[in-house]
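A quick write-up on the structure given underneath.
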Amino acid sequence: MKYQTKFLNESVVVASDVYRRAAYGRNHPLAIPRVETALDIAGDLGWLTGRVHSSPIAGCDLLTRFHVPDWVAALAEADRSGVVPAAVCARHGLGTMENPLFSGVFERASTSVGGSFAAARLALDGRVAFHPAGGTHHGRPDRASGFCYFNDPVFAILGFLDAGLNRVAYVDLDAHHGDGVEDAFAADPRVLTLSIHEAGRWPGTGALDDRREGRARNLPVPRGIVDDEWDLLIDEAVAPVLERFEPEAIVVTCGADGLAGDPLSSMMLSNGALWRAVVAAISIAPRAVVLGGGGYNPWTLARCWAGLWGVLAGFDLPERLPDASQARLAALDCDLVDEDDRDPAWFTTLVDEPRRGPIREEIRRIAAATRKP
Ligand SMILES: [Zn+2]
116 MKYQTKFLNE SVVVASDVYR RAAYGRNHPL AIPRVETALD IAGDLGWLTG RVHSSPIAGC
176 DLLTRFHVPD WVAALAEADR SGVVPAAVCA RHGLGTMENP LFSGVFERAS TSVGGSFAAA
236 RLALDGRVAF HPAGGTHHGR PDRASGFCYF NDPVFAILGF LDAGLNRVAY VDLDAHHGDG
296 VEDAFAADPR VLTLSIHEAG RWPGTGALDD RREGRARNLP VPRGIVDDEW DLLIDEAVAP
356 VLERFEPEAI VVTCGADGLA GDPLSSMMLS NGALWRAVVA AISIAPRAVV LGGGGYNPWT
416 LARCWAGLWG VLAGFDLPER LPDASQARLA ALDCDLVDED DRDPAWFTTL VDEPRRGPIR
476 EEIRRIAAAT RKP
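So the sequence shown is numbered by the numbering used here: it starts at 116 and just counts up by one.
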């Protein structure tokens with residue numbers, strides 16, 4: 116199986132070893148191996164040679180283009196001291212169950228910002244830059260939110276705008292609404308944001324009729340969405356809206372939490388559905404940054420993002436994974452996914468079986484409403 120993308124130059128990956136360090140403490144949905152496993156599997160397949168760019172760390176000058184200096188300073192100081200004063204917790208949402216303080220959090224969050232900004236610069240001359248550690252779409256100017264400390268997708272968009280581009284599209288495929296990015300650019304006519312997410316999930320925003328005066332589209336989908344329904348939304352709603360906007364660049368957040376088997380959503384997609392959506396979106400612009408995002412099942416996530424890179428870089432996807440990759444997947448564990456629910460195919464293959472099913476009337480209604488100018 117091979118997917119077609121049409122860019123002038125070879126795709127690149129932006130990566131850093133900072134993501135190999137333990138993070139989020141214990142009992143947090145993100146305290147599982149994620150980006151590192153995906154890239155290790157890509158490496159096992161020989162897909163990374165000569166393609167990896169090291170992620171720079173964003174400095175304060177860059178961070179404060181979106182985040183308020185108080186919040187940047189408070190996160191740096193909390194990381195240094197190991198303490199979150201009560202006032203910082205109240206004001207900036209740090210030191211909570213969802214956004215705990217852990218050693219190295221400032222470097223990690225700043226690296227994801229630096230990586231997404233660098234990815235946009237790399238994409239400028241007509242290529243796709245894949246930054247799987249990006250996608251912290253809930254981050255706010257002045258506070259942590261929804262497992263996110265900073266908001267790196269905002270900086271990928273800023274990277275494109277800095278280059279003088281006047282039409283940048285943002286497409287959010289994560290199971291949760293891309294609220295932080297939508298709010299960041301709701302008043303900027305140069306940016307169109309579009310988010311598909313499961314209705315009724317946190318943060319509860321992103322209603323179908325919420326268009327931010329035409330600068331946003333939201334597709335809240337019903338529980339249990341399958342590939343056929345997803346493909347219809349991409350073909351009949353997402354693609355036409357993007358084509359009309361004629362983006363000069365596009366940023367895609369490809370969270371893996373919409374996949375079947377993820378513990379934090381009830382979406383039922385195969386990884387092929389996400390790959391098709393990314394390819395459909397980026398094919399509409401001559402430059403693209405593709406980010407990671409959520410994803411709380413370490414097996415489906417690693418296979419999805421490893422395969423996504425294979426797709427973006429134009430490699431043939433194998434039927435069976437190499438022994439080294441199978442060993443990596445066998446070594447993973449996750450409290451949120453019961454052993455009985457672990458599909459044997461997650462340990463040996465890369466490509467999911469398609470998730471077929473009838474198309475509900477509600478899906479057609481969402482597509483029609485989204486398409487409407
Ligand atoms: Zn999510």
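Backbone N, C-alpha and C fix where the C-beta goes; we use that ideal spot for every residue, glycine too.
Small disclaimer: the values here were computed from a predicted structure and weren't measured.
What is the DSSP secondary structure of P335, counted as helix, strand or coil? It is a strand residue.
My guess is that D342 and L384 are in contact by the Cβ rule of under 8 Å, so how many angstroms apart are they, rounded? Going by Cβ atoms, the distance from D342 to L384 rounds to 6 Å, so yes, they are a contact pair.
Between the Cα of C263 and those of L276, N281, S227, A395, spot the shortest distance and give me the residue it belongs to. Closest option to C263, Cα to Cα, is S227.
Let's see if you can read the secondary structure: which residues bound the beta strand (DSSP E) around I311? Here the beta strand (DSSP E) through I311 covers 306 to 313.
Output needed for L323: all residues of its chain with C-beta closer than 8 Å, excluding positions within five of it in sequence on either side, in chain order. The beta carbon of L323 is closer than 8 Å to those of N333, L334, P335, I481, A484, T485 in its chain, skipping five residues each way along the sequence.
Beta bridge counterpart(s) of T368 as assigned by DSSP: Beta-bridge pairing links T368 to D287, L406.
Please find out if some non-hydrogen atom of ligand 1 comes closer than 6 Å to the beta-carbon of G370. At least one heavy atom of ligand 1 is nearer than 6 Å to the Cβ of G370, so yes.
Neighbour-count burial assignment, N214, 16 or more Cβ in a 10 Å radius: Taking all protein chains in view, the Cβ of N214 is crowded by 16 or more other Cβ atoms within 10 Å, so the residue is classified as buried.
Evaluate the contact criterion for the segment 348 to 367 versus the segment 413 to 429: three or more CB pairs, one atom per stretch, below 8 Å. Contact fails: fewer than three Cβ-Cβ distances are below 8 Å.
Hey, could you find the ends of the alpha helix (DSSP H) H207 is sitting in? Segment 201 to 207, the alpha helix (DSSP H) holding H207.
Reduced DSSP category for A130 - H, G, I as helix; E, B as strand; rest coil: In the three-state reduction of the DSSP assignment, A130 falls in the strand class, which pools E and B.
Extent of the continuous beta strand (DSSP E) to which F245 belongs: Where F245 is concerned, the enclosing beta strand (DSSP E) stretches over 243 to 246.
Give the straight-line distance between the Cα atoms of G315 and H292, rounded to the nearest whole angstrom. So the two alpha carbons sit approximately 10 Å from each other.
Tell me, please, whether the segment 389 to 400 touches the segment 347 to 356 by the rule of three or more beta-carbon pairs shorter than 8 Å. The segment 389 to 400, when compared against the segment 347 to 356, does touch it at the 8 Å Cβ threshold.
Can you list, in chain order, the residues of its chain whose CB lies under 6 Å from that of G295, leaving out five sequence neighbours each side? Only H252, H253, G254, R255, N266 meet the Cβ criterion.
On a CA-only basis, which of R418, T464, W390, L347 is nearest E83? Give me that one, please. Any question about residue 83 goes unanswered here, given that the chain covers just 116 to 488.
Per DSSP, what kind of secondary structure is A483 in: helix, strand or coil? A483: helix per DSSP, three-state reduction.
Please find out if some non-hydrogen atom of ligand 1 comes closer than 6 Å to the beta-carbon of G409. Yes, Cβ of G409 sits closer than 6 Å to a heavy atom of ligand 1.
Restricting to runs no shorter than 3 residues, where is the beta strand (DSSP E) found entirely within the segment 383 to 445? The segment 383 to 445 contains these whole beta strand (DSSP E) runs: 403 to 406.
Compute the Euclidean distance between the alpha carbons of H246 and L436, then round it to the nearest angstrom. Between H246 and L436, the alpha-carbon positions lie close to 22 Å from each other.
Beta-carbon within less than 8 Å of A290's beta-carbon, same chain only, minus the 5 sequence neighbours each way: which residues are those? Excluding positions up to five away in sequence, the list reads H312, E313, R316, G370, D372, G373, D377, L379, S380, M382, G409.
Assuming G250 and P268 form a contact by the criterion Cβ under 8 Å, report the distance between their Cβ atoms to the nearest whole angstrom. Confirmed, about 6 Å.
Kindly indicate which residue of A224, G261, F430, L309 has the alpha-carbon position closest to the one of F270. Minimum Cα distance to F270 is reached at A224.
Can you round the beta-carbon distance between A284 and A400 to whole angstroms, since I take them to be within the 8 Å contact cut? Between A400 and A284 the Cβ distance is about 7 Å, and since that is below 8 Å, they are a contact.
Could you spell out where the beta strand (DSSP E) holding V167 opens and where it closes? Here the beta strand (DSSP E) through V167 covers 167 to 169.
Helix or strand or just coil, what does DSSP make of C263? Strand at C263.
Taking Cβ to Cβ, would you say C449 is nearer than 7 Å to I147? Cβ atoms of C449 and I147: closer than 7 Å.
Distance between P362 and A235 (C-alpha atoms, nearest Å): Between the C-alpha atoms of A235 and P362 there is a straight-line separation of about 14 Å.
Alpha-carbon spacing of Q97 relative to L280, whole angstroms: Residue 97 falls outside the range modelled here, since the chain spans only 116 to 488, and no answer is possible.
Closer than 6 Å: is that where the CB of H246 sits relative to any heavy atom of ligand 1? No, since every heavy atom of ligand 1 falls outside the 6 Å radius drawn around the Cβ of H246.
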